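Residue numbering for the sequence shown follows the numbering used here, starting at 15 and increasing by one per position.
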Amino acid sequence: MITDALKLSQNDVRKLLGAANSDAALLYIYLSCGNPLSQAEGELNVSASRVSCAAATLRQLGLMPQDQPSHIAPGERPSYSERDVLDAMDNDHSFRSLYGEVQRLLGRSLNTEELKILLGFVRYLGLPADVISVLVCYCKERARRRGSMRNPSLRTIEKEAYAWSEQGIDTLEEASAFIQAQNVRNSRLHRLMNLLQIHGRSLTAAEERYAQSWLDMGMDEQMLSLAYERTCLNTGGLNWAYMNKILQRWHEQGLRTPEDVRSGDRKAAVPKGASGELGSAELEAIQRVLREEG
């Protein structure tokens, strides 16, 4: 086992502590020293399911080393024929059972084109039937969370299936870890929406990218609340680009608490303006936003 000296960044440490998963932290240290994922089970003396769960958690945190193997084969996606589907229905009891379960979950019959997609989940992506069932349930719940009362299409589920495969999610343990990480993420986003007084609608794609980047910076609710307060004071309401510039500057300056920010404001000795005391981060944000919107 390689045990080279390892230096962890503050951002990675915050992600690991936030996940509260000791197996994921252990696996991260093991992989970051240059050890292969394939040998983790034996060298760390943990079960295969625990390694799979930990690896899935690291992928969700964006901490899986890039040189670890992908579970999806390169090249073009295969194209299945109607004959392939009929053969699978006639000769593959597992696929026939999966077909019935997916129909039950979606509340409708699947057409031939949809069965071709389902066959690709099994034969090309190599996803087990129980993982596919969990995948369909996850996509249904995600649609409900986004305000849709309709079940997702197989094309929508297919996109998520390829995303899962690319992240190495092909066991129940990994699927569970992924969904748990998504639930934590969604809970944090929901709290942020409440803080920003956004109710009765979902975030747009651009807003969600902003919000997720702030959470990835490790900004807690106190820092987000302070940034929102200053954004409203200085712009008259929520301005995503303006608030983003403030938080980016705080992050770059290593400011982690409201007291850090206030201390930095005092050192900057910036005079008061009509909208209250402006720190250097706010002034920089105003200048950048005005340039971008001009």
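By construction, the Cβ of each residue, glycine as well, lies at the ideal position given by its N, Cα and C atoms.
The structure displayed is predicted, hence computed values, not measured ones.
Apart from the five residues on each side of it in sequence, which residues of its chain come closer than 7 Å, Cβ to Cβ, to A225?
Here the set comprises L203, L206, L217.
Alpha-carbon to alpha-carbon, L247 and V148
The alpha-carbon atoms of V148 and L247 are separated by roughly 46 Å.
For the alpha helix (DSSP H) containing M237, name the first residue and the last one.
Residue range 235-249 is occupied by the alpha helix (DSSP H) that includes M237.
Contacts around Y242, its chain only, beta-carbon distance under 8 Å, and the 5 residues preceding and following it disregarded:
Same-chain partners within the cutoff: L209, L210, L252, M257.
Can you give me the Cβ contacts of W228 inside the same chain, cut-off strictly under 7 Å, excluding the 5 residues immediately before and after it?
Residues L238, L261 of the same chain have their beta carbon placed closer than 7 Å to that of W228, with the five preceding and five following residues left out of the count.
Around the Cβ of A220, are there at least 16 other Cβ atoms within 10 angstroms (buried) or fewer (exposed)?
A220 should be labelled exposed.
Report the option in S61, A68, Q267, L186 whose CA atom is closest to the CA atom of I43.
Taking only the C-alpha atoms, the option nearest I43 is A68.
For the alpha helix (DSSP H) holding Q194, just list the boundary residues, first then last.
It spans 186-209 - the alpha helix (DSSP H) in which Q194 sits, taken as one unbroken run.
Buried versus exposed call for W178 [16 or more other C-beta atoms within 10 Å across all chains shown]:
Burial call: buried.
Roughly how many whole angstroms lie between the Cα atoms of D184 and V145?
When rounded, the distance between both Cα atoms is 7 Å.
In whole angstroms, what separates the C-alpha of S123 from that of Q181?
When rounded, the distance between both Cα atoms is 30 Å.
Mind checking whether the beta-carbon of A225 lies closer than 6 Å to any heavy atom of the ligand FAD?
The ligand FAD is not part of this structure, which contains no ligands at all.
Is it the case that the Cβ atoms of C153 and I171 are separated by a distance below 7 Å?
Their beta carbons are under 7 Å apart, which means C153 touches I171 by this criterion.
On the three-state DSSP scale, how would you describe A219?
Helix at A219.
Tell me which same chain residues have a C-beta within less than 6 Å of the C-beta of R28, skipping the five on either side of it?
Only G232 meet the Cβ criterion.
From the DSSP output, in three-state form, read off T271 for me.
The answer is coil: DSSP assigns T271 none of H, G, I, E or B.
Span of the alpha helix (DSSP H) around Q262:
In the DSSP annotation of this structure, the continuous segment of the alpha helix (DSSP H) that includes Q262 starts and ends at 254-266.
Compute the distance between the beta-carbons of L8 and I131, then report whether it is under 7 Å.
Because residue 8 is not part of the residues shown, which for the chain are 15 to 308, the question remains open.
Using DSSP with H/G/I as helix, E/B as strand and the rest coil, what is H213?
Assigned with DSSP and collapsed to three states, H213 falls in coil, not helix or strand.
Give the secondary structure of G278 by DSSP, where H, G and I count as helix, E and B as strand, and everything else as coil.
Here G278 sits in helix by DSSP.
CB-CB under 6 Å to D230, same chain, minus the five flanking residues each way: which ones, in chain order?
Nothing meets the Cβ criterion.
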